[in-house]
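Chemist:
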Amino acid sequence: MSLDPHPNLTSSVIFGLGWLYLIQFVMNFAWTWRSLKKGTHHRVPKFFGGGEVPVAMWWGMYTALLSMVMIAHFTGFSSPERFLIQLPGWFKFFVDSFIADAKWYFGFCVGAFGLMIWFRRVLATETAGWLMLNGGVLFLTLSLTDWDFRQIVGKPDNVPIVAMLFIVGYFTWLYFNRSNENDDRIEAGLPPKEAEDNEKVLVWPDLVYTELICMIAVTAFLFFWGVALQAPLEEPASAVKTPNPSKAPWYFLGLQEMLVYYDPWLAGVVFPSVILGGMMAIPYIDFNKRGNGYYTFNERKFAVSVFMFGFLPLWVGMIVLGTFLRGPNWNIFGIYEYWDVHKLEALNNVNLSEYFWLYGLNTAMPTPASTDSGMRILGMILLRESPGILLTLGYLIAMPSIMAMTFLKQYAFRMGFIRFMVFSNLILMMAALPIKMLLRWAFNLKYLVAVPEYFFNI
Amino acid sequence: MGSLMSVGDYIRESQIWKSVFRHPAPYDRRNRVVVMLTNFFLHLHPVSIKQNGIALSYTWCMGGITFFLFLAETITGVLLMFYYRPTLEWAFNDILALRDVTTLGVMREIHRWGAHAMVITVWLHMYRVFLTGSYKPPREFNWVVGVILLKLTLLLSFTGYLLPWDQLAIWAITVGSNMARATPFLGHEGPGFQFLNVGGYDLITNASDARFLLLGSKFVGEETLNRFYILHCVAIPLAAAGLIAIHFWRVRKDGGISQPL
Ligand code: HEM
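Protein chains in written order, with our numbering: chain S, 8 to 465; chain H, 33 to 293.
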């Protein structure tokens, strides 16, 4: 057999994964103990004989399984060529064939978001939370047996992003867990939980000590992280050696991803400004007085859904796409796929004006002659791009009125003119990204308005 | 044991101790109140607070952790400044030395990971403030201050990214700052810059546009390093510190941590 240049498993990887299994083992051991203490039971389906078994039994079995896998890692690491516990090829192939495609990836993010809102009752229970946490850690651990996955996830600057996914997931879960409880209480005519047990306590010692403990914990965590993981330092800067791909810092990769769909003046300047301005405007457009000072979903469904949609699929989701899936030449790669510089993706996108004149009307595009005066050139350009210009203006000017007269009637009425205009334009701007994505995927649309002469492309 | 106690008492009774702490140790209720009022570092806080306002499951402690990370970044950052010279000749080598030679070079790791962590905690803080509806009246303005702080946090991280002067650094900043040349009217590849001209001369060129202002040069070079160094170590931290002070002041003036009305 020839030497495998990218061995999926080496001794140190196997040994390292043993630690991850150890963590899962400890975590689930504690959970088993907890459910044993709680003594909850669970009904077995008739088919399996009916009756009741303690929930702790299932967790105990899973914990035992984890301990065996862990031992296998700690003892079997010396012979990686015979080590069996790794991801099956068909699974990698299956995941990659979906994830390495922007429309599937984004569709998945949006779909998961919708399901999360829809099934928030079930998903925010403790058991579901624990299952999801286990699933996430197990997926990560198993995926780490793959060489390509390790290359990208193991980059020192990418480690915090993996951590962030778990943390954001946890807090989203916590939010739904608490708001479900409050929503039940509110429905039963009770005040939210935050209103109870809300006596005044002295800041010293109650708060001061919490802060001290927090500070010590964060310091310890930073030292541990600093010692365990070396900060990256690549080759000295060179203005002539452009890396492929060239990426912005990870927290801006959502913006860089927008460059695929919009030109820099929009993706890099206008949209970021609108995002910041829009966020500042939130307190002045949300007229809903309820849900101030406690967790609730039902009392502010619209506000929370819109904000979460912006934060989860659009911001965090796009960062994940930009960090983990975008490779050489800004092509999309699967998480288990080799970053091949020669991967080709056919790109022949067409402008709306071309669709309109060339394919729709079957005539030539209006083109100014080189002898034309400035005004005439401008006129020709405007004529050429008129379909896109009309569509864009219609989107930004007519849509708010249509919204105000139809499904957002109540909002328009309560907000007043200026507030509603700001609000509806912000929503439309936010929707502009998914809309352009859809147009790209469905029609290979490049620009709605293409005026490269003036760097004005939409 | 007894003698130890009396040593403690001796210290606490000494003139020096009493000159620093202007009250007896906070063992009883009265002195627990007094300590909050007389200690500079504690006077940020009120004397007493609703239980809900300090529940971790309510605030997630994310604003506090962000602030602590800001302090930790300041301390490690000042230590790094003793070693690091922002010039083409030295920047990369100084970072290399921090890694390979310098005692406590781990400060660089802590500074970098702390920066990543701060970006994440500031997002989570904002997430929690949104989800508890805490931006609603009377806290609208503090939310606005917060959004500016969020932007400053990202800019701090962005300007710091350049300083190691390795491939990762200059290309990330190149990609990021290339956007500026597409600024409408003010970037030399932005829509409408052609309209800003006087007698046929463009006012906006690659040596006078928004990107040039940011980089101090037509590409990421030594001037950029200097500009980013000053932004990173002086200008943005000062602005952020000032805004954080206002932010905290407003948390108190707006009636403390939000709670059900
Ligand atoms: C450097 C960044 C920031 C620091 C150090 C900071 C710090 C804090 C702290 C310590 C609190 C007290 C309550 C808590 O810990 O949750 C707080 C409250 C608050 N923060 Fe921030 N914050 C920052 C950024 C932001 C951002 C980005 C936003 C929103 C966009 C924001 C909006 C608020 C609001 C509205 C409150 C009042 C919350 C309430 O009363 O429940 N802050 N901040």
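Yeah, the Cβ is synthetic: ideal placement off N, Cα and C, and Gly gets one too.
Since this is a predicted model, take the numbers as computed values, not measurements.
Is the distance from the Cβ of S/TYR112 to the Cβ of S/SER186 below 8 Å?
Modeler: In this structure, S/SER186 does not lie closer than 8 Å to S/TYR112 by Cβ.
Chemist: Thinking H/CYS93 and S/CYS221 are a contact (beta carbons under 8 Å), I'd like their distance in whole angstroms, please.
Modeler: 6 Å between Cβ atoms; contact.
Chemist: For the region 259 to 292 of chain H, list every residue whose C-beta sits within 7 Å of some C-beta in chain C, in sequence order.
Modeler: This model lacks chain C altogether; the protein chains it does include are S and H.
Chemist: So, helix, strand or coil for H/ARG210, using DSSP?
Modeler: Inspection of the sequence shows that residue 210 of chain H is occupied by Asn rather than by Arg. Correct three-state label for H/ASN210: helix.
Chemist: So with CB distances below 9 Å, who are the chain H contacts of S/ASN205?
Modeler: The contacting residues are LYS82, GLN83, ASN84, GLY85, GLN291, PRO292.
Chemist: Of the residues S/PHE183, S/ILE442, S/MET286, S/ASN184, which one's Cα is nearest the Cα of S/LEU398?
Modeler: It is S/ILE442 whose Cα lies nearest to the Cα of S/LEU398.
Chemist: So what does DSSP say about H/PHE311, is it helix, strand or coil?
Modeler: This structure cannot speak to residue 311 of chain H, because chain H is shown only from 33 to 293.
Chemist: Cβ atoms of H/ILE236 and H/LEU184: under 8 Å apart, would you say?
Modeler: No; because the gap between Cβ atoms is not below 8 Å, this pair is not in contact.
Chemist: Roughly how far, in whole angstroms, is the beta-carbon of H/SER80 from the beta-carbon of S/GLY300, given that I think they are within contact range, below 8 Å?
Modeler: So it is not a contact: roughly 18 Å between Cβ atoms.
Chemist: Using 8 Å as the threshold, is the region 311 to 330 of chain S in touch with the region 210 to 224 of chain H, meaning 3 or more CB pairs across them?
Modeler: Short answer: they don't touch.
Chemist: Take the Cβ of S/LEU359 as the centre, count every other Cβ of all protein chains shown within 10 Å, and call the residue buried at 16 or more, exposed below.
Modeler: Under this definition S/LEU359 is a buried residue.
Chemist: With DSSP run on the structure shown, which of helix, strand or coil describes S/VAL357?
Modeler: In the structure shown, S/VAL357 sits in a strand (DSSP, three-state: E or B).
Chemist: What's the C-alpha gap between S/LEU452 and H/LEU103?
Modeler: Near 48 Å, if we compare the C-alpha coordinates of H/LEU103 and S/LEU452.
Chemist: May I ask you to verify whether the region 172 to 192 of chain H touches the region 145 to 158 of chain H, counting CB pairs closer than 8 Å and requiring at least 3?
Modeler: Short answer: they touch.
Chemist: Between S/GLY329 and the rest of its own chain, which residues show a CB-CB distance below 6 Å, the 5 nearest in sequence each way excluded?
Modeler: Hits under 6 Å: LEU260, GLN263, GLU264.
Chemist: Check this for me: beta carbons of S/MET406 and S/PHE294, under 8 Å apart or not?
Modeler: For S/MET406 and S/PHE294, no; Cβs fall outside 8 Å.
Chemist: Which runs of the alpha helix (DSSP H) at least 4 residues long sit entirely within the region 87 to 159 of chain H? Give them in chain order.
Modeler: Counting whole runs of 4 or more residues, the region 87 to 159 of chain H contains the alpha helix (DSSP H) stretches 88 to 91, 94 to 113, 123 to 132.
Chemist: What residues in the region 190 to 204 of chain H bring their beta carbon closer than 8 Å to a beta carbon of chain S?
Modeler: Those would be PHE190, TYR193, PRO196, TRP197, ASP198, GLN199, LEU200, ALA201, ILE202, TRP203, ALA204, in chain order.
Chemist: Excluding the 5 residues preceding and the 5 following H/VAL252 in the sequence, name in chain order all residues of the same chain whose CB lies nearer than 8 Å to its CB.
Modeler: Cβ within range, chain order: LEU194, ILE202, ILE205, THR206, SER209.
Chemist: Is the shortest distance between the beta-carbon of H/ARG64 and the beta-carbons of chain S less than 8 Å?
Modeler: Interface residue, yes.
Chemist: Look at the Cβ atom of S/VAL458, then the Cβ atom of S/ILE388, and state whether they are nearer than 8 Å.
Modeler: Yes. Within cutoff.
Chemist: Go to H/LYS82, then tell me how far its beta strand (DSSP E) extends in each direction, as first and last residue.
Modeler: 80 to 82 is the extent of the beta strand (DSSP E) around H/LYS82.
Chemist: Answer with yes or no whether the minimum CB distance from H/GLY146 to chain S is below 8 Å.
Modeler: Judged by the 8 Å Cβ criterion, H/GLY146 is in contact with chain S.
Chemist: Quick check: does the Cβ of H/CYS265 come within less than 7 Å of any heavy atom belonging to the ligand HEM?
Modeler: Outside the cutoff, so no.
Chemist: Would a C-beta distance cut-off of 8 Å place S/GLU344 and S/ASP155 closer than the cut-off?
Modeler: Yes.
Chemist: Closer than 8 Å, CB to CB, is H/PRO56 near chain S or not?
Modeler: Cβ-Cβ to chain S under 8 Å: no for H/PRO56.
Chemist: Does the distance from the C-beta atom of H/LEU163 to that of S/TYR182 stay below 8 Å?
Modeler: Yes, the Cβ-Cβ distance between H/LEU163 and S/TYR182 is below 8 Å.
Chemist: Using a Cβ cut-off of 8 Å, pull out every chain H residue sitting near S/GLY275, in sequence order please.
Modeler: Result: ASN210, MET211, ALA212, ALA214.
Chemist: Look up H/TYR233 in the DSSP assignment and say whether it is helix, strand or coil.
Modeler: Of the three classes helix, strand and coil, the one that applies to H/TYR233 here is strand, per DSSP.
Chemist: Given a threshold of 16 other Cβ atoms within 10 Å of its Cβ, counted over all protein chains shown, does S/GLY275 qualify as buried or as exposed?
Modeler: Classification of S/GLY275: buried, given that the 10 Å Cβ count is 16 or more.
Chemist: Quick check on S/PHE230 - is its C-beta less than 8 Å from some C-beta in chain H?
Modeler: Taking Cβ atoms only, chain H reaches closer than 8 Å to S/PHE230, which makes this a yes.
Chemist: For the structure I just gave you, are there three or more beta carbon pairs, one from the region 113 to 131 of chain H and one from the region 223 to 233 of chain S, closer than 8 Å?
Modeler: As far as the Cβ criterion goes, the region 113 to 131 of chain H does not touch the region 223 to 233 of chain S, which means the pair count is below three.
Chemist: Helix, strand or coil: which one does DSSP assign to S/ILE168?
Modeler: Helix at S/ILE168.
Chemist: How would you list, in chain order, the residues of chain S whose beta-carbon sits under 7 Å from the beta-carbon of H/PHE162?
Modeler: Simply PHE314.
Chemist: On the criterion of 16 or more Cβ atoms from any shown chain inside 10 Å, does S/PHE146 qualify as buried, or is it exposed?
Modeler: Burial call: exposed.
Chemist: Spatial neighbours of H/PHE173 within its chain, please: C-beta separation below 7 Å, excluding the five flanking residues on both sides.
Modeler: Only ARG282 meet the Cβ criterion.
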